[in-house]
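Following our numbering, the numbering of the sequence shown begins with 5 at its first residue and continues without gaps.
Where a beta carbon is used, it is the ideal one built from N, C-alpha and C, also for glycine.
Heads up: the structure comes next, in structure tokens.
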Amino acid sequence: SAPTEVRLRYSAEVIPIGAELRVTDSSGTDWVQPDSKMVGDTVVQPLRPGAGTGQYTVRWRVVSSDGHPISGTYDYQVGTAAQTGAAQPAAESTESAAQSTEPAQAGSSSRWPLLAGAAAVVLAAVAWIVRARRFRV
Numbered sequence: 005s006a007p008t009e010v011r012l013r014y015s016a017e018v019i020p021i022g023a024e025l026r027v028t029d030s031s032g033t034d035w036v037q038p039d040s041k042m043v044g045d046t047v048v049q050p051l052r053p054g055a056g057t058g059q060y061t062v063r064w065r066v067v068s069s070d071g072h073p074i075s076g077t078y079d080y081q082v083g084t085a086a087q088t089g090a091a092q093p094a095a096e097s098t099e100s101a102a103q104s105t106e107p108a109q110a111g112s113s114s115r116w117p118l119l120a121g122a123a124a125v126v127l128a129a130v131a132w133i134v135r136a137r138r139f140r141v
């Protein structure tokens, strides 16, 4: 049977400004109900009852707690040739840090400048110590 909701969990809190979530079937029918809920790092979107078998596409866009928009899409299948009876993720395609229900760590790319800066400080300290020892000898 088709799911009753879509639940997306992010690695950090999301801001409710400009959030969009759509679930469409292959004919383009949107299956979302109007009342989504955002609590901390999770968005829950109820779906209308009556969705049949077939492929569905989830398109989402939210604003992360640091202010930049993140978005993505993924597909899931309701009822397969084997009639599993449960919605199964079929594929995923995102344009930012996201997985089907949990985006990749949002802060991972912002760590590189910090690590590079720390490495530069350490290298500068080592160079200063080596140079200071040369002048003493």
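Item to complete: Taking 7 Å as the cut-off, decide whether the C-beta atoms of VAL36 and ARG11 are in contact.
Response: no
Worksheet entry | For THR73, the residue or residues it bridges with in DSSP | Note on identity: in this sequence residue 73 is Pro, with Thr being the wrong assignment. PRO73 is bridged to VAL67.
Item to complete: Under 8 Å Cβ to Cβ from ILE21, same chain only, skipping five residues before and after it: list those, please.
Response: VAL67
Discussion item. THR57 and VAL82 - do their beta-carbons sit closer together than 7 Å?
Written reply: yes
Practice prompt. Give the single residue among TYR80, VAL134 and PRO38 whose Cα lies nearest to the Cα of PRO50.
Written response: PRO38
Fill in: Closest residue to VAL18 among GLY32, MET42, ALA129 and ALA124 (Cα-Cα distance)
MET42
Worksheet entry | Inter-residue CB distance, ALA16 and SER69 (contact presumed, cutoff 8 Å) | 5 Å
Worksheet item: Which two residues bound the contiguous beta strand (DSSP E) that contains VAL47?
Response: 46-50
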